[in-house]
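The listed protein sequences derive, respectively, from chains A and B. End of the first sequence = 793 in this note's numbering, gap-free, step of one. End of the second sequence = 793 in this note's numbering, gap-free, step of one. Written out below as C-alpha cells is the structure these notes cover.
2 protein chains.
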Amino acid sequence: MSTLLAAPTKKPRTTMSKARKPTTSPPSRKTKTRRSKATAQTLAGQQREISVSEFFAKNRHLLGFDNPRKALLTTIKEAVDNAMDACEEGGILPDIFVQVLQLGETRFKVTVRDNGPGIVKQQIEHIFGKLLYGSKFHRLKMSRGQQGIGISAAGMYGLMTTGKPVLIISKPSKKKPAHEMRIKMDTSKNRAEVVSDEVHQEDDKLFPQGTGTQVEIELEGKYLKGRQSIDEYLEQTAIANPHAHITYVTPGNETRTFPRSVDELPDEPKEIKPHPKGIELGTLIQMLERTEAAKVGAFLQNDFCRVGPSKAKEICQTAGMTNMTWVKNVGHREAEALYKAIQEVKLTAPPTDCLVPIGSKALLAGLLKGVKAEFYTASTRPPAVYRGNPFQIEVGLAFGGELPAQETARVIRFANRVPLLYQQAECCSFKAVLDASWKNYELSQPKGSLPLGPLVVMIHMASVWVPFTSESKEAIADYDEIRKEMKLALQECGRKLGTYLRRRKRMQRESERRSIFERYIREVAKSCEKITGADAKKLYEALLRQAERRTAQADQQLDDEGRILNETARLAKDEQVVIVPAQQPDPANNGNEIGESLFENPPKPQRRKTTKRSRKKPRSPRRTAKRK
Amino acid sequence: MSTLLAAPTKKPRTTMSKARKPTTSPPSRKTKTRRSKATAQTLAGQQREISVSEFFAKNRHLLGFDNPRKALLTTIKEAVDNAMDACEEGGILPDIFVQVLQLGETRFKVTVRDNGPGIVKQQIEHIFGKLLYGSKFHRLKMSRGQQGIGISAAGMYGLMTTGKPVLIISKPSKKKPAHEMRIKMDTSKNRAEVVSDEVHQEDDKLFPQGTGTQVEIELEGKYLKGRQSIDEYLEQTAIANPHAHITYVTPGNETRTFPRSVDELPDEPKEIKPHPKGIELGTLIQMLERTEAAKVGAFLQNDFCRVGPSKAKEICQTAGMTNMTWVKNVGHREAEALYKAIQEVKLTAPPTDCLVPIGSKALLAGLLKGVKAEFYTASTRPPAVYRGNPFQIEVGLAFGGELPAQETARVIRFANRVPLLYQQAECCSFKAVLDASWKNYELSQPKGSLPLGPLVVMIHMASVWVPFTSESKEAIADYDEIRKEMKLALQECGRKLGTYLRRRKRMQRESERRSIFERYIREVAKSCEKITGADAKKLYEALLRQAERRTAQADQQLDDEGRILNETARLAKDEQVVIVPAQQPDPANNGNEIGESLFENPPKPQRRKTTKRSRKKPRSPRRTAKRK
C-alpha cells in the first residue's frame, strides 16, 4: 500500500520532476540520494530579511487590494479617512473633494482634497512613501486611521499597477505657498523615493481656506455602482459624519454633493494611557524596560491611567515592594508579582471621554435620510472595556415602509464613523445580529441566518483601538465583551420594535373588526326597522357609535403612541423612536384574524359560521338578525 | 435640527469631555476655540515609525493569536509546519515530536522537536527573534511556511503573555554538539535579544539521528478537544503527510502516535522564476531597476521562466527595441511598451514540476483512514495558473456509512499539505463547495448553504504561493481561477457520487421487489396447487428462478461495479472510487418505492391496492390469487 500511496494516481498532463523514478524502487535511501539534500549551511544561505512593504506588496489583498474594484474603493476610503481625521484634529469642519477620473478602460486617477491643517514638507515622503508610519498607532485615541499603512499602501498599489508615483500637494500654512511632491515607494527598503519636489504658486488656488492637502493616485481599477461601491461608501460616510461636506465627481463626470447637516464638530476625543488591567505580563515587563520613571510608584502613575499615588502604593505593597523600589531592580519574579497585584487591586474603569459616539439622534437622522422605512429606533450603550480598551456601541433599526419584505435584514456597519463594506460574515457585529433572538421581536429568523423582513440594522463601534480582523479594516474581531455590548444594544432596539409590531397587529385586528362591522350596520338597521319598526337612522347611528366605542383601540392607541409626525417635527421630541404611518400592506401581519367575529366576547361557533358565510353573500346578515 | 444632531441623545453615564458645552452655543467658531487645534507642525511632531513587530503585537489576532485556545494551536501549527519543511528540504523522512505540558490553569509549555538538518547558530536569533525573516518568501517554491512570520510570532506571543524567552536547541552537524539558546524579541526594534547561549553535551541525546531542532515556548493558552483542536490539526496533518511520523504527548500526558504510512518522501518541489504574464507593470519596472542583467534580452531570459532567446527577441521587437537594448536606457514609456509586448506575445504556461500534489490515492487512503463512510472518490486536477503562479487542486469525497445524515456536509481544507481549521466561511474552497450544484448529484442543498447529508469534502490546494486571506494562513483568498479549478474538481467527484447514488436507488428498488416477491411465492404456489393441482414445489422453484432473473439487477449490478473489497485489497486497483457495503439504512433513499408492484410492467391501480392491503394483512394474497 505504502508504495502505491507515494505517487499521485493520475499523472498531471505536464512534465514532472525529471528526478522522478518508478515507484517500485526501494524507498527512502533512493529518495535521499536523488534529491538536492539541503544542509543547515545551505539553508542558512537562503535566509533573508523581508521588508514590510515587500510583504504587503505580495500580500496586498490583506490591505484591501484583492481586485481592481475593491482597490479603487480602498484607495478612496484611505484618502478620505485621513482627510477627515486631519480636519478634525485641526478643529476644522471637513470639506472633502473626491474625484475619480477614468483614464483608460481599467485605469483611473483618484484625487482627494481636504481643507485640513496640511502636512509639513519633511513628513510627506514618510507619510505617503513608507508603510507602518503614522501618528495614530502609538496613541490610544479614537480616530479613523490607526495603523499608518492605508494611504501609503494605496500609493504602493498605484505604483505597482501603473508605475506612476503619487502626487501630493499640501499647504500647511496660510502664509507660505503650497508645495508639490511626486513620491515612489522603494518596496525593497520600505522607503520613499522623491521623484520631484516643487513649489507652484498656482497650487494655492486649491485651498481657498488657506490650508489643506490633496493626494492624487493613478491605479488599475474597476468602477461599479451598487453594493460595496464608492457611492455607497460615501453615502454611509455622510450618514455617520453629518458635520462633513463631501463633493464627489464620478467617472461619468456627474457631481454628487453630500451637504453638511451639522455645523459643529463632534467633541474632540481625548487621548488616554493604557489601563493597568488591560495589559499582559510581557507587555508590563516591556514597559518597565522602557519607562522614563526611576521608581515603580512613579512608573505606575505616569505610564497608566487610573493609578493615583494611593493606588500605586497599594499595588506596590500587594506586590511586596514599595513605590520607592527602583525600576531597574525589578526582575522577572518581581514583575510577575506586580502583574498579579494589578489583577487583585481594585481600579476604576478607564476614562471614557476618549469616546465620542455618533449619538442616537444622529443615527436616527441618518437612517431617516438614508432609509424609507416606517418604524425607526436607536440606542447608544454606555461605554465598556475590552482588553483595557474603552469602547462604545450604538445601534439603529429601521423597519417596514419601502424596505424589501421578503429578503433577510440588511446590516450597515461602522467603526469610528467609517463604513465597513466587506467581510461582513467575519464581523463581530454581524455575528451579534445573528445571535439576537429576533423571534422574540415578532420577526422570523431561519437557523443561523439573519432575520427575515423589511429590516435595516445599523451598528457603530467607537473605540480608542478597534480590533480589525485584517489590515484592510473591513471587519471587527469577535471579542466576547464587544459582541455582548452589541447584543444588548440590539435587544434594546429589538424590544421596542417587538412592542410596536405587536401593538400594530392588535390595531389592525381592531380596524378589521370595525370595517366589517360598518359594512353591515346599515343592513342590520334596515332589517330591524322592517321587523320592529324602529327608526333605522337612529338605530344606525347608535350602532355606529357602539362600533366606534368597541373598536376604539384602533385609533385611540395610535394616538397614545402619538407619533404620526411630519418630516420637520419628527426629531423635535427627545425620543429614540420615530414612527411614520405605513404606506403599504403590512408584511408582518399574516392577516389570519380576518375571519374573527364582530364582537368583543368570543362568539358561538355557529354564530361565527354565519359571519363567515356572510362575507361570501352580503345578504346573509339579515338572516342572522332574524334568527336573534 | 442640526444642533439637535450634534450631541448624543442619551448622555452615557460617565464623565464626558470637560470641554463639552451646552449645544445651544453658536456652533463652529466656539468649537474651534474650545479644542486643542492641531497644526501641521504639531501633527508632524506626533508622526513616528512603527516597528513591524509592534504592529503585529498589537494586532496579534492577525497572526492567529486571537484567544488562548487558538494561540496554543497556532503555536504548535507554526512549529510543526517549520519542522516538516526543514526535514523535506533536508531530504529526511520527518520524525516529529510534539509535547504540550500544562504548567498552570492557563499556562502551557509547547515543545516541538524534529530530525531535520538543524539551524546554524548565527541564524537562530533571526529566525526566532525577528518577524519577516526567512528563506521562503523570496522564492517561488511550494512549502508550508512562506512569510517568515509564524514561529517568531509564536515566540513573541509567549513573551508577551508570560515574559519567558523562547528556548531553541539545534544540532546542525553530526560531528559538533548541539547548541542551546534563549531568545527574547525586542518588539520596538523587531530584533532578537539573546538571553543565553550555551553548549550542553547532554542535549545531543535529543537527536539520535545526529541532526535536528527543538523549540520550546511557554505561553498563556487553553486546551480543548474536538473541532479546531490540536488533535484535529495533527490528525489532518497525518492524513495529508503519510510520509511523516508524528508523536504527540497531550497535556493529560497520554502519548498519541501517528505512524508513517509511506516510506518515501514526496517528490521535491522545484523552485521557479516568475512568469512574465504574472507580473504587473510596476513590478516589471522594479525588476528592471534591480536586475543584474545589462541588456533587456538577458534580463528577460534570466529573471523570468519560459523566456528563451527567441521569445526574448520577439518580446523586444514587439516593444520596439532589441534584446541588446541597455536596461539602464529603459524609461517609463519603454517599460510600458515592454509590458504590453509581454501581454501580446504567446508564452508557454509556467512549469509545473514545482507542484507536488498529495495524489488521489493518498487522498483516498487518508479519507479511508479518517472517515467511516460507504462511498469514497477523489480527483486531482491538472495544474493551472493564477496571477502567474502555478497551482493544483485536489478533491476527495466520502459519503454515507457512519457519517451523520441530518447535518450539512463537512469540509476539510488543506493548503500545501497544511490543514486549515479557521475562517472557513472566508475560504475560496468553502465558497467553491457552495457553488457546486449538489442537487445534480442527488443531494439536497438549501440556498446559500452546504449540501445536506452524510458527506465529507476534502480540498487541497498546492501552489508555489498560496494567497491566504490573512497572515494567520487560515483561509485561501477567492481568486476566480482558483475557485474555478476547485469547482471542476468537485464536479468530477460529484458526478461519480451522483451515478453511485442513482444506481444504488435502482438496486434498492429491485431488492425491494424481490423480497416482496419472495414473501408471496410460497403462498401463490400453494394456492395454485389447490386450484390447478400443479406440483407446488416445482411451481415454487420455477417462480423463485423467475423472481431472481427478473430482479437480477439487484445483485448483478453490484457485481458489475465489482467494488465490495476487503480492507487490504481496497486500493489494489488503480481506481479513483472506493465503495464499502453500506452498514445502515440508506439516508439518501426516501423509500417511497416500497408500495410498488411485483412485476416489471406498471400494475393496474386495483392490483396495487391489494398489494398495499396485503402488506397489512398477510392472508390477503390468497384472495388476490383467487380473483385471478
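Just so you know, even glycine gets a beta-carbon here, dropped at the ideal spot from N, CA and C. Predicted, not measured: the structure shown is a model, and the values here were computed from it.
Neighbour list for residue i in chain B, Cβ cutoff strictly below 8 Å
i: GLU445 (chain A); result: MET325, THR326 and GLU385
i: ILE450 (chain A); result: GLY328
i: LYS661 (chain A); result: Within chain B, no residue comes near LYS661 (chain A); the closest Cβ sits about 13 Å away, beyond 8 Å.
One or two residues paired with residue i in a DSSP bridge
i: PHE564 (chain A); result: A:PHE540 and A:LEU620
i: LYS530 (chain A); result: Reading off the sequence, residue 530 (chain A) comes out as Ala, not Lys. For ALA530 (chain A), which the question treats as bridged, DSSP gives no partner whatsoever.
i: ALA236 (chain A); result: For ALA236 (chain A), which the question treats as bridged, DSSP gives no partner whatsoever.
i: TYR705 (chain B); result: DSSP output for TYR705 (chain B) lists no bridge partner at all.
i: GLY269 (chain B); result: BP columns for GLY269 (chain B) are empty, so no partner.
i: THR422 (chain B); result: B:THR412
Chain D contact for residue i (CB, 7 Å cutoff)
i: PRO282 (chain A); result: Note that chain D does not occur in the displayed structure, where the protein chains are A and B.
Three-way DSSP call (helix, strand, coil) for residue i in this model
i: SER167 (chain A); result: Bear in mind that a pLDDT of 36 at SER167 (chain A), under 50, signals an unreliable position, so the model cannot answer this.
i: PRO379 (chain A); result: The residue asked about is misnamed: residue 379 (chain A) is Gln in this sequence, not Pro. Note: GLN379 (chain A) maps to strand in three-state DSSP.
i: MET350 (chain B); result: strand
i: ILE155 (chain B); result: Since the displayed chain B opens at 166 and closes at 793, residue 155 (chain B) lies outside it and no answer follows.
i: ALA477 (chain B); result: helix
i: HIS226 (chain B); result: helix
i: HIS291 (chain A); result: helix
i: GLY760 (chain A); result: Residue confidence is low: GLY760 (chain A) scores 30 on pLDDT, short of 50, so the model does not pin down where it sits. No coordinate-derived value is stated.
i: THR716 (chain A); result: coil
i: PRO441 (chain A); result: helix
i: VAL275 (chain B); result: strand
i: ALA248 (chain A); result: helix
i: ILE641 (chain A); result: strand
i: LEU586 (chain B); result: coil
i: ALA514 (chain B); result: coil
i: LYS777 (chain A); result: The predicted model places LYS777 (chain A) with a pLDDT of 40, which falls under 50 and marks its position as unreliable; any figure quoted below should be read in that light. Three-state result, LYS777 (chain A): helix.
Cut-off 8 Å between Cβ atoms - residues of its own chain near residue i, not counting five sequence neighbours on either side
i: LYS596 (chain A); result: ASP643 and ARG648
i: ASN581 (chain A); result: MET307, SER308, ARG309, MET626, ALA627, SER628 and VAL631
i: LEU297 (chain A); result: VAL217, GLN312, GLY313, ILE314 and ASN355
Partners in chain A for residue i, counting only beta-carbon separations shorter than 8 Å
i: GLN588 (chain B); result: GLU591
i: ILE292 (chain B); result: GLN212
i: THR634 (chain B); result: HIS226, LEU227 and SER635
i: SER300 (chain B); result: LEU208, GLN211, GLN212 and ARG213
i: ASP231 (chain B); result: ALA642 and ASP643
i: LEU297 (chain B); result: GLU214, ILE215, SER216, VAL217 and PHE220
Cutoff 6 Å; reference residue i; Cβ partners in own chain excluding five residues on either side
i: LYS534 (chain A); result: none
i: ALA477 (chain A); result: GLY462, LEU465, GLN466 and ASN488
i: LYS438 (chain A); result: PHE469 and CYS470
i: THR552 (chain A); result: Note that residue 552 (chain A) is Arg in the sequence shown, not Thr. Closer than 6 Å at the Cβ level, and outside the excluded window around ARG552 (chain A), lie GLY443.
i: VAL560 (chain A); result: SER544, ILE624, ALA654, LEU655 and CYS658
i: THR412 (chain A); result: PHE262 and THR422
Contact test: residue i Cβ vs the ligand ATP heavy atom, cutoff 6 Å
i: VAL598 (chain A); result: For the structure depicted, the ligand ATP is absent and the ligand set is empty, with no information on it obtainable.
Amino acids of chain A, ordered along the chain, whose beta-carbon sits closer than 9 Å to that of residue i
i: THR415 (chain B); result: Chain A residues near THR415 (chain B): none, gap ~26 Å exceeds 9 Å.
Beta-carbon contacts of residue i that lie in its chain and below 7 Å, excluding the five residues immediately before and after
i: ILE507 (chain A); result: PRO441, LYS442 and ILE480
i: HIS291 (chain A); result: TYR298 and ALA357
i: ALA502 (chain A); result: ALA484 and GLY485
Neighbour list for residue i in chain A, Cβ cutoff strictly below 7 Å
i: LYS202 (chain B); result: GLY255 and GLY256
Chain B contact residues for residue i, given Cβ-Cβ distances below 9 Å
i: HIS410 (chain A); result: By Cβ distance, chain B contributes nothing, its closest Cβ being about 12 Å from HIS410 (chain A), past 9 Å.
Chain-ordered chain B contacts of residue i [CB-CB under 7 Å]
i: VAL285 (chain A); result: ALA205, GLN206 and ALA209
| said: So if I threshold CB-CB distances at 7 Å, which residues from the stretch 207–224 of chain B count as touching chain A? | reply: LEU208, ALA209, GLN211, GLN212, ARG213, GLU214, ILE215, VAL217 and PHE220
| If you measure beta-carbon to beta-carbon, which residues of the stretch 254–265 of chain B are closer than 7 Å to chain A? | Along the stretch 254–265 of chain B, the positions whose C-beta sits under 7 Å from a C-beta of chain A are GLU254, GLY255, GLY256 and LEU258, read in chain order.
| Name the residues in the stretch 482–512 of chain A whose C-beta lies less than 9 Å from a C-beta of chain B; which are they? | HIS497, ALA500, GLU501 and TYR504
| message | For the stretch 339–356 of chain B, list every residue whose C-beta sits within 8 Å of some C-beta in chain A, in sequence order. | response | THR352 and SER353
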